[in-house]
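Residue numbers (the numbering used here), protein chains in the order written: chain A, 764 to 904; chain B, 176 to 402. We put the beta carbon where it would ideally sit given N, CA and C, even for glycine. From a predicted model like this one, the values you see are computed outputs, not experimental measurements.
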């Protein structure tokens, strides 16, 4: 099976230039994922510090202090689980970024490998095998 | 006959590919990646053993509830044993989760090692100089986060054991006082482990991005030589 740069839509050189531009652009998805994971971790640490500093001693104090600690408990547990959920969302976002990156590597390999192979064939004085010239596409004109 | 010819052609091709591959420079994992490739298995086995044994202990412990719950004259000894187990069992199970998270981190590090070998092999097979990206900061941090997470899990396991002795002694006020923040500490341990895994995955995206760019560079070099 032959692969042609010019088999897609548009000018093949424009495709290559577009790919170069994309390669130079920093993708946002991994950074968003790291942000979500970091936010979840900070939330967990802050909640644990609050539980340790503000409420731990209240259980033994009795009265309003103990009531305050008892009120804190349910939302504290829910907040812990929410922070975990945020972190897991970050992990899933990172996995999506990897899926996108796999697609990206496959696309760039598909575009560039034929170019490399044909360049090497050309250097050895042999005819190109994969990449057809645009002139060839127009019937050899 | 055509099949036979194809088989001979295929064998010949395989031999030629093997000869070509043998000429390529050897590409290896880093020491940490090679260690991770080996270590994830014992960690995963330990994690599974802890989690399964914890589930069995929890099931057995749940039957003790009827030894005192709802009885007019509850057995104080049975109740303190039950409460003691309730204090240390979550810590034990979180330790098992910690081992599993460490195993996942090791697997991701191992994937990074495989990507390193594959990237180097592809560059070498294209006749290009093998180049790797500068060692990223995220790759330095994520093993440390995994170790830090394991330390947090070990610490909370120790605290859980201490709370269990307090519960056995009947001092439930101490157990109640410290249960919340120890619970928070366990989740912080999980959070640190997940952050390490996220950083390891981030390193993978960076490496794949670099390898895609490197193939473009090799293509550009090849076209220049050609022209």
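Query: For a contact defined as C-beta to C-beta under 7 Å, what are the partners of residue 384(B) on chain A?; Result: 864
Query: Would you mind telling me which residues of chain A sit closer than 9 Å to residue 324(B), beta carbon to beta carbon, in chain order?; Result: Within chain A, no residue comes near residue 324(B); the closest Cβ sits about 11 Å away, beyond 9 Å.
Query: Among 841(A), 854(A), 873(A), 892(A), which one has its Cα closest to the Cα of residue 802(A)?; Result: 854(A)
Query: Does any residue of chain B have a CB that is nearer than 8 Å to the CB of residue 882(A)?; Result: yes
Query: So, does the segment 272-289 of chain B touch the segment 368-379 of chain B, judging by three or more C-beta pairs under 8 Å?; Result: yes
Query: Verify whether the separation of the beta carbon atoms of residue 736(A) and residue 884(A) is less than 8 Å.; Result: In the structure displayed, chain A extends from 764 to 904; residue 736(A) sits before or after that span and is not available.
Query: Determine the DSSP secondary structure at residue 799(A), reduced to helix, strand or coil.; Result: helix
Query: Under 8 Å, Cβ to Cβ, is there at least one residue of chain A near residue 213(B)?; Result: no
Query: Which residues, taken in chain order from the segment 362-395 of chain B, show a beta carbon closer than 8 Å to some beta carbon of chain A?; Result: 362, 363, 365, 366, 367, 369, 370, 372, 373, 374, 376, 377, 379, 380, 381, 383, 384, 386, 387, 388, 390, 391, 393, 394
Query: Compute the Euclidean distance between the alpha carbons of residue 799(A) and residue 324(B), then round it to the nearest angstrom.; Result: 19 Å
Query: Skipping 5 residues on each side, what residues in its chain have a beta carbon closer than 7 Å to that of residue 331(B)?; Result: 266, 269, 357, 360, 361, 364
Query: To which residues of the same chain is residue 381(B) closer than 8 Å at the C-beta, ignoring the five residues directly before and after it?; Result: 308, 311, 313
Query: Please confirm whether residue 790(A) and residue 377(B) have their CB atoms less than 8 Å apart.; Result: no
Query: Does any CB atom of chain B fall closer than 8 Å to the CB of residue 890(A)?; Result: no
Query: In this structure, does DSSP put residue 847(A) in helix, strand or coil?; Result: helix
Query: Between residue 317(B) and the ligand MN, is the CB less than 7 Å from at least one heavy atom?; Result: The model on display carries no ligand, and the ligand MN is accordingly not part of it.
Query: Quick one: Cα of residue 841(A) to Cα of residue 816(A), how far?; Result: 19 Å
Query: Find out if the Cβ-Cβ distance for the pair residue 860(A), residue 796(A) is shorter than 8 Å.; Result: yes
Query: DSSP state of residue 346(B), grouped into three classes?; Result: coil
Query: Going along the segment 324-343 of chain B in order, which residues come within less than 9 Å of chain A, judged by CB to CB distance?; Result: none
Query: How about residue 195(B): is its C-beta nearer than 8 Å to some C-beta of chain A?; Result: no
Query: Determine which residues of the segment 835-849 of chain A have a Cβ less than 8 Å from any Cβ of chain B, and write them out in chain order.; Result: 835, 836, 839, 840, 843, 846, 847
Query: Please decide whether residue 284(B) counts as near chain A, where near means a Cβ-Cβ distance under 8 Å.; Result: no
Query: Rounded to the nearest angstrom, what separates residue 292(B) and residue 781(A) at their Cα positions?; Result: 29 Å
Query: Identify, in the order they occur along the chain, each residue of the same chain with its Cβ nearer than 8 Å to the Cβ of residue 372(B), setting aside the five sequence neighbours on each side.; Result: 276, 279, 280, 283, 317
Query: Using three-state DSSP, classify residue 320(B) as helix, strand or coil.; Result: helix
Query: Note down, in chain order, each residue of its chain lying with its Cβ closer than 8 Å to the Cβ of residue 304(B), except the 5 sequence neighbours on either side.; Result: 298
Query: Buried or exposed: where does residue 393(B) fall if 16 or more other Cβ atoms within 10 Å of its Cβ makes it buried?; Result: buried
Query: Just verifying my parser: in three-state terms, what is the DSSP assignment at residue 311(B)?; Result: coil
Query: Give me the Cβ distance between residue 843(A) and residue 810(A), rounded to the nearest whole Å; I'm assuming they're in contact under 8 Å.; Result: 6 Å
Query: Using CA coordinates, which residue listed in 890(A), 888(A), 889(A), 879(A) is at the minimum distance from residue 399(B)?; Result: 879(A)
Query: Taking Cβ positions only, does residue 802(A) come closer than 8 Å to chain B?; Result: no
Query: In chain order, what residues of the same chain lie with their CB nearer than 7 Å to the CB of residue 857(A), ignoring the 5 residues before and after it?; Result: 793, 796
Query: Let's test the definition: count the other Cβ atoms within 10 Å of the Cβ of residue 888(A) and tell me whether it reaches 16, buried, or not, exposed.; Result: exposed
Query: Based on Cα-Cα distance, which residue from 882(A), 808(A), 876(A) lies nearest to residue 355(B)?; Result: 808(A)
Query: Below 6 Å CB to CB, which residues in the same chain sit around residue 385(B) once its five sequence neighbours on both sides are set aside?; Result: 308
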